[in-house]
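According to mature numbering (1 follows the signal peptide of the UniProt record, and there is no 0), the stretch in the sequence shown is residues -18 to -1, 1 to 540, in order.
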Amino acid sequence: LCCVVLCCLFVLFCSVQAFRMSATNQSSSFVRSSSGRSKGTLAERKGLLNNMSMFEQAVPLDESRGQWSKKLDYILSMVGYSVGLSNIWRFPYLCYQNGGGVGWATIVITLMVSTYFNVIIAYSLMFFFESLTMKALPWSLCGNWWNTENCLDYNNASIYESYMRYRSNRVLNISSGIDNMGGLVNHLIPCLFASWLITATCLIKGVKSSGKVVYFTAIFPYFLLTVLLVRGVTLEGATTGIMYYVKPNFTRLVEPRVWSDAAFQVFFSLGPGWGGLITMGSYNRFDNNCLRDSYILPMIMELTSFFAGFVVFSVIGFMAHVTGKKIEEVVAEGPGLAFVTYPEVVSRMPMSQLWAALFFFMVLTVGVDSVGGMYLLHLVDQYCAFLTVVIICFIELISFAWIYGIKAIFTGAERILSDFEFMIGKSLSPFWPVFWRFATTAVVVAIFFVSVFQYSAELKMGDDYRYPAWSIALGWCISCSSLVLIFVYMIWKLYDTPGETLRQPTKRWGPANPTIRMEWEAYKNTTKYKQTLKQRLHKFYQRSPLQKYREQMSRTAV
């Protein structure tokens, strides 16, 4: 519920991200809209053409950069970017836990998180290969060297204990704690290498290759999740787990931790502040309707998370039924909850090895090899990016909503809205900048302070292990490492830039295509472009149904 509320508010922020991604694109073609831009007089057009060389020097067009071949390539790429491991792997755990320069900073965060997710993909590859190469699923029965004497079979299949021991003793070879990192886990090294190799292969040709790969990677997970759901709901006790999932505990809404976790999920899944939205959007046509895209993607992300939750909790209900425990007592694996429940359901399906291989292949498509690596992975999960991304998003909001192109809130020209209208070719509501500047900014600030106030100095993994103080200090260093670049770059720019030039856009700011750039320069001199927010709000009020009703009533009275 918290995720849905925050996701709706983040549509506003995504519209700002969408504006950034379209404003920086390298498109070489453009379709004019009759409502947005006019061709102008012949003299004006000739005057603009005479200045072509100036614009070509200011903003050279990179023809080799490429462009999405189809709109569907872009949509599926964004779905694959937004709908990923955080929806299938992390979101169900949050439901269980809670009762039912900015550019340089984003590069550092993306570097750390890509390392983080490739480790998870390496684990998935390990499961994938062993599902195919062994006669029976290695976690489905007891009697293996990694099991303990407490592991018991139930109707020729073990419950929970066998899988947990397989995961910790066989796959992870987990140590006693983060202060005992130990050596490398040899069988995970080729898996990690393979995960990076697959990533490189998908991206080596830019959007030409990634745009085609996502046709499979963005659609296949939905097929397999549906299969797992059908099997999960047929298990005994599944209804109990599903009811625990869908029945909200409204008393938890007053707890800051719930809202903080929900915000983390939205940030982690949608990806604002990470740079991916801007990067992929920069390959769009200049007139792409990015506002519509900012509606579609959050909806798909939330629905996918909600759908994956049904799969997980149907199996949790079954596990609780078999073990005789409460839902809350079944697992305490943190965000790795899905790695407990998904293998359990596939082990009870016909041709279980095939479905297990397909499941971990799915995790591979949507997504620190030492014996202490899992502790480090959990530490990075807690400290790597959340607060940093919130701060980056706040700086982006301030830069675009408060600083970009206005001298005063209501009396300055509404440049950001005018540029938005120039790109998509239609007028927008004047309330958008109001939401950006007040509602969205307030939400981001509130998320930051709530996260800080509910911070606990103690970090745990599961119920038993508590992280030492030095590892928590390391986590904060990881969290702050990318923010340092923002302030270093800011100080350098303040020192290096003379006069008031710092308050102006760079010469390269604007449409990359010379022809479109000339139209934009001409559009900047029109009355419509120079409209203030106050003028836009007044015009909106004049056209509103309420004002028309009042005018009609006045004429009737006369």
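Glycine residues also receive a C-beta, built at the ideal position from the N, C-alpha and C atoms.
Fair warning: this is a prediction, and the values are worked out from it, not measured in the lab.
Put Tyr204 into one of helix, strand or coil per three-state DSSP.
Within the sequence shown, the letter at position 222 stands for residue 204. Helix at Tyr204.
Flag Asn495 as yes when its Cβ comes closer than 7 angstroms to any non-hydrogen atom of the ligand MG, and as no otherwise.
What this structure holds is no ligand at all, so the ligand MG is not there to describe.
Please state whether DSSP places Leu252 in a helix, a strand or coil.
Working through the sequence shown from its first residue, we reach residue 252 at position 270. Looking at Leu252 - three-state DSSP - the assignment turns out to be helix.
What's the gap between the Cα of Ala428 and the Cα of Lys475?
As a first step, residue 428 is located in the sequence shown; it is residue number 446 there, counting from the start. As a first step, residue 475 is located in the sequence shown; it is residue number 493 there, counting from the start. About 29 angstroms.
On the criterion of 16 or more Cβ atoms from any shown chain inside 10 Å, does Ala220 qualify as buried, or is it exposed?
As a working mapping, residue 220 is identified with position 238 in the sequence shown. Buried is the call here.
Roughly how many angstroms separate the alpha carbons of Thr514 and Arg397, rounded to a whole number?
Taking the first residue of the sequence shown as position 1, residue 514 is located at position 532. Taking the first residue of the sequence shown as position 1, residue 397 is located at position 415. Distance between the alpha carbons of Thr514 and Arg397: 9 angstroms.
Please report the distance separating the alpha-carbon of Phe420 from that of Pro230.
Position 438 of the sequence shown, counted from the first residue, corresponds to residue 420. Position 248 of the sequence shown, counted from the first residue, corresponds to residue 230. Near 29 angstroms, if we compare the C-alpha coordinates of Pro230 and Phe420.
Alpha carbon to alpha carbon, how far is Met500 from Gly407?
One-based indexing of the sequence shown puts residue 500 at position 518. One-based indexing of the sequence shown puts residue 407 at position 425. If I take the Cα positions, the gap works out to 16 angstroms.
Pull up the distance between the alpha-carbon of Ser264 and that of Thr183, whole angstroms please.
Translated into the one-based positions of the sequence shown, residue 264 becomes position 282. Translated into the one-based positions of the sequence shown, residue 183 becomes position 201. Using only the alpha carbons, I get a separation of about 21 angstroms.
Pairing CB atoms from the segment 374 to 382 with CB atoms from the segment 495 to 509, are three or more of them under 8 angstroms?
no
Own chain residues within Cβ distance below 6 angstroms of Pro120, not counting five before or after:
Taking the first residue of the sequence shown as position 1, residue 120 is located at position 138. These residues qualify, in order along the chain: Glu112 and Tyr148.
Could you check the C-alpha separation between Asn266 and Glu310 for me, to the nearest Å?
Counting from 1 along the sequence shown, the entry for residue 266 is found at position 284. Counting from 1 along the sequence shown, the entry for residue 310 is found at position 328. So the two alpha carbons sit approximately 46 angstroms from each other.
Let me know the secondary structure DSSP gives His520 once reduced to three states.
Counting from one through the sequence shown, the residue named residue 520 turns up at place 538. Helix at His520.
Excluding the 5 residues preceding and the 5 following Lys442 in the sequence, name in chain order all residues of the same chain whose CB lies nearer than 8 angstroms to its CB.
To locate residue 442, count along the sequence shown from 1; it is residue 460. Around Lys442: Arg448 and Tyr449.
Please classify Asp161 as buried or exposed, where buried requires at least 16 other C-beta atoms within 10 Å of its C-beta.
Numbered from 1 along the sequence shown, position 179 holds the residue referred to as residue 161. So Asp161 counts as exposed.
Does the separation of the CB atoms of Glu403 and Ser411 fall below 8 angstroms?
In the sequence shown, counting from the first residue as 1, residue 403 sits at position 421. In the sequence shown, counting from the first residue as 1, residue 411 sits at position 429. Cβ distance not < 8 angstroms, so Glu403 and Ser411 don't count as in contact.
Counting only the same chain and skipping the five closest in sequence on each side, list residues whose C-beta sits under 8 angstroms from that of Ser17.
Your numbering for residue 17 matches position 35 in the sequence shown. Annotation note: pLDDT 37 at Ser17 (below 50); position unreliable, coordinate value reported separately. Hits under 8 angstroms: Gly407, Lys408 and Ser409.
Under the three-state reduction of DSSP, which class applies to Arg448: helix, strand or coil?
Position 466 of the sequence shown holds residue 448. Arg448: strand per DSSP, three-state reduction.
For Arg525, count neighbouring C-beta atoms within 10 Å of its own C-beta (all shown protein chains included) and say buried if the count is 16 or more, exposed if not.
In the sequence shown, counting from the first residue as 1, residue 525 sits at position 543. Result: exposed.
Do Leu280 and Cys375 have their C-beta atoms within less than 8 angstroms of each other?
Locating residue 280 in the sequence shown gives position 298, where the first residue counts as 1. Locating residue 375 in the sequence shown gives position 393, where the first residue counts as 1. The question names Leu, but residue 280 is Pro in the sequence shown. Not a contact, by the Cβ cut-off of 8 angstroms.
Please state whether DSSP places Lys442 in a helix, a strand or coil.
Working through the sequence shown from its first residue, we reach residue 442 at position 460. The answer is strand: DSSP assigns Lys442 an E or B state.
Please state if the CB of Leu211 and the CB of Phe292 are separated by a distance shorter than 8 angstroms.
Here residue 292 is taken as the residue at index 310 of the sequence shown, counted from 1. Here residue 211 is taken as the residue at index 229 of the sequence shown, counted from 1. In this structure, Leu211 lies closer than 8 angstroms to Phe292 by Cβ.
Just curious, the alpha helix (DSSP H) that residue 542 is in, first and last residue?
No answer is possible for residue 542: it lies beyond the span of the chain, which begins at -18 and ends at 540.
Does DSSP put Thr514 in a helix, a strand or coil?
Position 532 of the sequence shown, counting from 1, holds the residue named residue 514. In the structure shown, Thr514 sits in a strand (DSSP, three-state: E or B).
What is the rounded straight-line gap between the Cα of Ser242 and the Cα of Ile473?
Within the sequence shown, residue 242 is the residue found at index 260, counting from 1. Within the sequence shown, residue 473 is the residue found at index 491, counting from 1. Straight-line Cα distance between these residues: approximately 31 angstroms.
Between Arg19 and the rest of its own chain, which residues show a CB-CB distance below 8 angstroms, the 5 nearest in sequence each way excluded?
Here the question's residue 19 lines up with position 37 in the sequence shown. Any reading at Arg19 is ruled out, since the residue's pLDDT is 44, under 50, leaving its predicted position unreliable.
Reduced DSSP secondary structure (H/G/I, E/B, other) of Leu166:
For the purposes of this step, residue 166 is taken as residue 184 along the sequence shown, with counting starting at 1. Strand at Leu166.
Simplified DSSP assignment, three categories, for Thr479:
As a first step, residue 479 is located in the sequence shown; it is residue number 497 there, counting from the start. Here Thr479 sits in coil by DSSP.
8 angstroms Cβ shell around Arg518 - same chain, five flanking residues per side excluded:
What you label residue 518 is simply residue 536 of the sequence shown in a count that begins at 1. So the list reads Glu396, Leu399 and Pro412, once near-sequence residues are dropped.
Report the rounded CA-to-CA distance for residue 542 versus Asn168, giving the unit in angstroms.
Here the chain comprises residues numbered -18 to 540, so residue 542 is not present and cannot be evaluated.
C-alpha distance - Cys173 paired with Trp414, whole-angstrom precision
Along the sequence shown, read from residue 1 onward, the residue named residue 173 stands at position 191. Along the sequence shown, read from residue 1 onward, the residue named residue 414 stands at position 432. Rounded to the nearest angstrom, the two C-alpha atoms are 47 angstroms apart.
Apply the 10 Å Cβ neighbour rule to Thr233 and answer buried if 16 or more other Cβ atoms are within range, or exposed otherwise.
Within the sequence shown, residue 233 is the residue found at index 251, counting from 1. Exposed.
Which two residues bound the contiguous alpha helix (DSSP H) that contains Val426?
Here the question's residue 426 lines up with position 444 in the sequence shown. It spans Thr423 to Phe435 - the alpha helix (DSSP H) in which Val426 sits, taken as one unbroken run.
Can you give me the C-alpha to C-alpha distance between Ser251 and Ser536, rounded to a whole angstrom?
For this step, residue 251 is matched to residue 269 along the sequence shown. For this step, residue 536 is matched to residue 554 along the sequence shown. Taking the straight line from one Cα to the other gives about 52 angstroms.
Test item: CB-CB of Ala290 and Gly223 under 8 angstroms:
Along the sequence shown, one-based indexing puts residue 290 at 308. Along the sequence shown, one-based indexing puts residue 223 at 241. No, they are not a contact pair.
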